[in-house]
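Taking it in order: structure first as structure tokens, then the write-up.
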Amino acid sequence: MRWALVKVCLAVTAMVVVAFAVPLGLVIKEMARDRAFSNAERQAAAVAPALSITTERDQLERVVASAGSDSGMAVHIPAAAGQSALDIGRQRAADEDIATVRKLGRASTTAVSGGSTLLQPVALSTGAIAVVEVYVPESEVSNGVGTAWAVLAGVGIALIVGSVAVADRLGVRMVQPAQKLVEGAHELGEGKLGARVPEEGPTELRLAAVAFNSMADQVVQLLANERELAADLSHRLRTPLTVLRLNAASLGDGPAAEQTRAAVAQLEREVDTIIRTARDAKPQTAAAGPGAGCDAAEVVRERMAFWSALAEDEGRKWRMAGADRPVRIPVARADLAAALDALLGNVFRHTAEGTAFAVDLHNGEDAVIVLVSDAGPGIQDPEAAMARGRGSGSDGSTGLGLDIVRRLAESTGGDVRIGSSVLGGTEVRIWIQLDGRERTPGRGHRSVRRRRQKKLVQELVSTFNRPRSLP
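First residue of the sequence shown: 11, per the numbering used here; consecutive thereafter.
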């Protein structure tokens with residue numbers, strides 16, 4: 011916008027300068043010419059009274075010398091009775107031009123070498139017509155014209171430079187508020203909720219800044235209300251959890267009682283985590299820096315130990331592979347545990363009792379893959395299942411489990427895929443990127459990542475697709 015305004019102002023000012031400077035320059039040239047010939051006419055008029063009185067050479071030479079110069083003025087007297095033709099001074103005009111002026115009886119100008127001449131007819135006492143010739147050199151005709159044109163050019167350039175400078179300042183005054191508005195929008199989009207825009211500049215941009223700041227305030231307020239609502243709703247769960255804990259304490263000893271008490275304790279910890287997260291405005295899923303994250307193998311073993319008890323009660327066979335050695339990932343421990351619980355909970359919720367399932371963990375050079383597969387009926391529409399809030403339509407399904415898994419993978423630059431498992435049912439593959447170099451991939455980066463994913467999946471399939479018995 012700034013350079014466009016400068017270009018428009020430059021073009022308009024240049025056209026105005028040309029429209030006025032060119033005609034004015036021609037007028038100055040014509041005025042200089044008129045001035046030069048007016049001087050010549052005055053010199054010729056100074057000789058006319060003497061010609062009406064006498065035609066003597068000596069007297070006329072003195073008059074010519076006093077009126078002009080011998081080299082610039084000439085007098086041509088025609089022959090008369092008893093007198094021959096008389097020419098005083100240097101003749102530059104052609105005889106035909108002199109004869110024409112004498113015949114017509116009016117002044118005329120003619121071009122000669124090095125300039126022009128003024129031919130002025132004068133009536134003598136004898137009735138004859140004498141012609142006074144005054145030479146006007148070209149330097150006298152153009153005297154001062156070059157200086158005047160240079161002044162006009164300087165004024166025109168100064169006007170153009172001044173207009174460009176003014177247009178540039180106006181452009182800066184318009185562009186800077188727009189740039190600050192763009193920067194504020196980017197910062198707000200990146201999660202910097204304190205981003206605000208100065209309310210300055212033209213009226214329209216000030217109104218836009220006011221609207222942006224109002225929108226940012228509303229976003230902050232909405233997020234605060236959402237966090238408070240999540241905290242309040244989670245806090246309401248404390249009462250039924252307290253009842254569950256008291257009831258679990260009265261169950262006595264035994265594996266089932268211990269599992270129930272462990273589940274209630276885990277649920278209380280999750281509720282406390284939700285409340286703390288809702289009260290804190292900082293993101294809870296981003297890794298703090300190098301070395302942050304968790305051991306995926308440890309989390310897998312822990313969650314499988316929890317779900318294996320329920321699998322034993324329902325007669326489900328299960329398998330865990332790849333979790334025998336540490337696998338560091340840039341994901342918070344609670345987030346990975348929540349994602350695994352969501353996937354395993356779907357297995358128990360949406361498949362019949364006795365359906366086998368497996369969790370496989372594979373550590374590659376730049377990514378980690380977590381496979382959760384089952385021998386159930388499978389998912390008919392994977393895209394619909396990935397849509398947040400859609401759910402499966404069955405009781406107890408909110409449609410948020412797979413979305414939690416997707417957001418966890420995408421926070422590292424990875425993704426989630428749903429396909430068919432080697433067990434015959436559904437396979438959910440979580441691709442966790444180990445570095446952040448491909449979080450905003452272009453077309454070339456996406457193709458590279460697909461090739462890496464394909465290679466890593468092939469290695470995983472060759473490793474875990476070999477026939478093995480479930481425990």
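Built from N, CA and C at the ideal position, the CB exists for glycine as well.
For the alpha helix (DSSP H) containing isoleucine 170, name the first residue and the last one. 155-199
Would you kindly report the start and end of the unbroken alpha helix (DSSP H) that includes leucine 261? Counting along the chain, leucine 261 falls outside any alpha helix (DSSP H), and DSSP gives it neither H nor E.
Where glutamate 363 and arginine 343 are concerned, what is the direct C-alpha to C-alpha distance, given to the nearest angstrom? 29 angstroms
So the beta strand (DSSP E) aspartate 445 belongs to, where does it begin and stop? Careful: aspartate 445 lies outside any beta strand (DSSP E) and carries neither H nor E.
Give me, in chain order, the residues of the same chain whose beta-carbon lies closer than 7 angstroms to that of glycine 35; leave out the 5 immediate sequence neighbours on both sides. Trp159 and Leu162
Beta carbon of serine 431 nearer than 8 angstroms to that of serine 383: yes
Note down the Cα distance separating leucine 418 from tryptophan 441, rounded to an integer number of angstroms. 10 angstroms
Using the three-state DSSP reduction, which class does glutamate 66 fall into: helix, strand or coil? coil
Option nearest alanine 219 by Cα separation, candidates Leu203, Ala195, Ala138 and Leu239: Ala195
Check for me: the beta strand (DSSP E) holding alanine 121 runs from which residue to which? 118-122
Check the DSSP bridge columns for isoleucine 379 and list the partner residues they point to. His372 and Trp441
With a threshold of 7 angstroms on Cβ separation, who are the neighbours of arginine 338 within its own chain once the five nearest residues in sequence on each side are excluded? Gly303 and Asp305
In terms of DSSP beta bridges, what is glycine 332 paired with? The partner list for glycine 332 (beta bridge, DSSP) is empty, contrary to what the question assumes.
Per DSSP, what are the beta-bridge partners of glutamine 6 in this structure? Coverage of the chain is limited to positions 11 through 481, which leaves residue 6 absent and any answer about it impossible.
List the residues that DSSP assigns as beta-bridge partners of valine 426. Ile440
By the 10 Å Cβ neighbour count, where 16 or more other Cβ atoms means buried, how is serine 76 classified, buried or exposed? exposed
Any idea what DSSP makes of valine 432, helix, strand or coil? coil
Tell me where the alpha helix (DSSP H) around aspartate 391 begins and ends. From DSSP, aspartate 391 is part of no alpha helix (DSSP H); its letter is neither H nor E.
Valine 229 (DSSP reduced to helix, strand or coil): helix
Can you tell which of Gly435, Ala24 and Ala84 has its C-alpha closest to the C-alpha of alanine 168? Ala24
Return the chain-ordered list of same chain residues with a C-beta closer than 7 angstroms to the C-beta of isoleucine 98, the five sequence neighbours on each side being excluded. Arg67, Leu70, Glu71, Val74, Ala84 and Val85
Between valine 142 and valine 57, is the Cβ-Cβ spacing less than 8 angstroms? yes
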